[in-house]
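Comments concern the structure below.
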Amino acid sequence: MLKRFEREFAQHVGDVHAVAVSSGTAGLHLAIRACAIEPGDEVITTPFSFISSANVMLFERAKPVFVDIDPVTLNIDTNLIAGAVTGKSRGILPVHIFGHPADMEAVGALADDHDLWVVEDACEALGARHSDGRLVGNTGNLTVYGFYPNKQMTTGEGGMVTAPTAELAELVGCERNQGRAADMGWLGHNRLGFNYRLSDVAAAIGVAQLERLEAMLARRGEIAGWYREELSGQTDLTLPCEDLGGVTRSWFVFVVQVAEDVDRDATIERLRKQGISAKPYLPAIHLQPFYRELFGYRPGDFPVAESVASRSIALPFYTALEREDVARVARALDRSLVP
Ligand SMILES: *Cc1c(COP(=O)(O)O)cnc(C)c1O
10 MLKRFEREFA QHVGDVHAVA VSSGTAGLHL AIRACAIEPG DEVITTPFSF
60 ISSANVMLFE RAKPVFVDID PVTLNIDTNL IAGAVTGKSR GILPVHIFGH
110 PADMEAVGAL ADDHDLWVVE DACEALGARH SDGRLVGNTG NLTVYGFYPN
160 KQMTTGEGGM VTAPTAELAE LVGCERNQGR AADMGWLGHN RLGFNYRLSD
210 VAAAIGVAQL ERLEAMLARR GEIAGWYREE LSGQTDLTLP CEDLGGVTRS
260 WFVFVVQVAE DVDRDATIER LRKQGISAKP YLPAIHLQPF YRELFGYRPG
310 DFPVAESVAS RSIALPFYTA LEREDVARVA RALDRSLVP
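Sequential numbering of the sequence shown, starting at 10, is according to the working numbering.
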């Protein structure tokens, strides 16, 4: 089932080689290793992401160098990347946050100019499309997907690395499997590797999920549309941006930002009391305690990411939601937005 899952996933994205792994984090780790990352290297990335997109650099004693985000798409602000390049810069790791494609044309041009590798974190963006119609992951870079239960599709735990060449895929596949080269037996190891394998049982779930992917993505889009309708009159909220510049977002979460003068945490608490689970989403990575300790980051370093992080609420979002559920959340939110 593993081979079949990899083959069908690669066919789905198109023009790539796919290697299934035990999680999105494991995939990101192997992807940056495949770029020959070394201790002391700097990798430019976004502070507004799930923490593992930066942690994988720490696994290799390299340094995530953050730049601030675009206030509308919430993706890395490509205008700020050149200013973060130093003699130690080796790569760029953009994250397609909340399923909205990052500007890979701009990232690719910067990478060419400064001789940097690119690894894409598409853990929230399976099914998203660039303006030329290509799926995220199909623009020639190592790309990583995640299959945790909250993602667009799931294998329980799991992930996938897609690679533009068979050589890169082979390298990732070898390190996933204890450093066993494809032509080696169980006790032959030609490099340092990990146990980052996806089980066959999980792969079978992946095959079945892939069959339903289009339907699940369509349903998520429909639910997002209901939220947009229900919440469009709320002047105290900023809704997720519409698809910009011809891209197609893949709906992963429905995250709203409350206005500056609304108490976000009190709003979440009031929702909770009405039986509705909502979360601050996402906290800025550079302000996590161990990042502050390691690198001396402080509030104010990345003001756009910090402002968004302090005002964001992820509302309930999953395919079983019905229109009436969404209306109920919207009514509860209306009662909960307080200064
Ligand atoms: C989910 C996610 C990951 C990987 O998560 P795992 O739990 O390791 O599968 C990485 N980056 C982002 C942005 C994610 O949302």
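Note that beta-carbon positions come from the ideal geometry of N, C-alpha and C, so glycine has one too.
Taking the alpha carbon of residue i as the point to measure from, which residue in the options has its own alpha carbon closest?
{"i": "F107", "options": "W126, G96, A131", "result": "A131"}
{"i": "D121", "options": "E220, G100, R237", "result": "G100"}
{"i": "H38", "options": "D192, E231, G155, I277", "result": "G155"}
{"i": "E129", "options": "G165, T163, T55, S98", "result": "T55"}
{"i": "A211", "options": "P158, A172, A191, W235", "result": "P158"}
{"i": "I46", "options": "Q20, R189, V65", "result": "V65"}
{"i": "P312", "options": "K12, R237, R143, F75", "result": "F75"}
{"i": "H26", "options": "P173, L207, I232", "result": "P173"}
{"i": "L248", "options": "S321, L89, F68", "result": "S321"}
{"i": "E51", "options": "G23, E184, F57, L67", "result": "L67"}
{"i": "V170", "options": "G254, A336, M162, G182", "result": "G182"}
{"i": "E166", "options": "R206, G142, Q187", "result": "R206"}
{"i": "I285", "options": "L303, T328, D334, Q20", "result": "D334"}
{"i": "E231", "options": "V28, N186, A329", "result": "A329"}
{"i": "L201", "options": "V22, G33, R42, V28", "result": "R42"}
{"i": "K72", "options": "N88, S98, L89, I90", "result": "S98"}
{"i": "K160", "options": "D209, N186, L219", "result": "L219"}
{"i": "A137", "options": "H21, I214, A323, A213", "result": "H21"}
{"i": "G117", "options": "G254, E133, A91", "result": "A91"}
{"i": "Q297", "options": "F57, A29, V28", "result": "F57"}
{"i": "A178", "options": "R337, V28, R301", "result": "V28"}
{"i": "D272", "options": "C250, P289, G254", "result": "P289"}
{"i": "V354", "options": "V127, D141, M10, N186", "result": "Here the chain covers residues 10 to 348 and nothing more, so residue 354 does not appear."}
{"i": "G254", "options": "G197, H139, R301, A336", "result": "H139"}
{"i": "M10", "options": "W195, R301, S208", "result": "S208"}
Should residue i be labelled buried (16 or more other beta-carbon atoms within 10 Å of its own) or exposed?
{"i": "E331", "result": "exposed"}
{"i": "A326", "result": "The residue you asked about is not Ala; residue 326 is Phe in the sequence shown. So F326 counts as buried."}
{"i": "F18", "result": "buried"}
{"i": "R70", "result": "exposed"}
{"i": "G96", "result": "exposed"}
{"i": "L125", "result": "buried"}
{"i": "R16", "result": "exposed"}
{"i": "D86", "result": "buried"}
{"i": "A112", "result": "Looking at the sequence itself, residue 112 is Asp, so the reference to Ala does not match. Burial call: buried."}
{"i": "Q266", "result": "buried"}
{"i": "R221", "result": "exposed"}
{"i": "P48", "result": "exposed"}
{"i": "G303", "result": "One point to set straight first is that residue 303 is Leu, not Gly, in the sequence displayed. When all chains shown are included, L303 counts as exposed."}
{"i": "E269", "result": "exposed"}
{"i": "E238", "result": "exposed"}
{"i": "P308", "result": "exposed"}
{"i": "K12", "result": "exposed"}
{"i": "E176", "result": "exposed"}
{"i": "G33", "result": "buried"}
{"i": "F299", "result": "exposed"}
{"i": "E133", "result": "buried"}
{"i": "E3", "result": "This structure gives no information on residue 3, because the portion of the chain shown stretches from 10 to 348."}
Assuming residue i and residue j form a contact by the criterion Cβ under 8 Å, report the distance between their Cβ atoms to the nearest whole angstrom.
{"i": "S259", "j": "G168", "result": "Not really, about 16 Å apart at Cβ, beyond 8 Å."}
{"i": "V145", "j": "P103", "result": "Wrong, their Cβ atoms sit about 10 Å apart, outside the cutoff."}
{"i": "F263", "j": "Y236", "result": "5 Å"}
{"i": "A190", "j": "N204", "result": "16 Å between Cβ atoms; not a contact."}
{"i": "N147", "j": "D24", "result": "6 Å"}
{"i": "A40", "j": "L151", "result": "4 Å"}
{"i": "L135", "j": "M162", "result": "6 Å"}
{"i": "V153", "j": "F14", "result": "The Cβ separation is near 15 Å, so there is no contact."}
{"i": "I53", "j": "A93", "result": "5 Å"}
{"i": "A287", "j": "A323", "result": "6 Å"}
{"i": "H105", "j": "N84", "result": "7 Å"}
{"i": "T164", "j": "I214", "result": "5 Å"}
query: Any chance the region 222 to 241 sits against the region 61 to 71, with 3 or more Cβ pairs inside 8 Å?
result: At 8 Å Cβ cutoff, the stretches do not touch.
- prompt: Is the number of C-beta pairs between the region 71 to 81 and the region 309 to 321 that are closer than 8 Å three or more?
  reply: Yes, the region 71 to 81 is in contact with the region 309 to 321.
- prompt: Using the beta carbon as the reference atom, which residues fall closer than 6 Å to any heavy atom of ligand 1, ordered along the chain?
  reply: Qualifying residues come out as S32, G33, T34, S58, F59, S61, S62, V104, D130, C132, E133, G155, Y157, G168.
- prompt: Quick check: the region 289 to 307 against the region 341 to 348, are there 3 or more CB pairs under 8 Å?
  reply: No contact exists between the region 289 to 307 and the region 341 to 348.
Cβ pair count under 8 Å reaching 3, the region 241 to 248 against the region 109 to 124: Cβ pair count under 8 Å is below three, so no.
- prompt: Any chance the region 334 to 341 sits against the region 270 to 286, with 3 or more Cβ pairs inside 8 Å?
  reply: Taking a contact to require three or more Cβ pairs closer than 8 Å, the region 334 to 341 and the region 270 to 286 qualify as touching.
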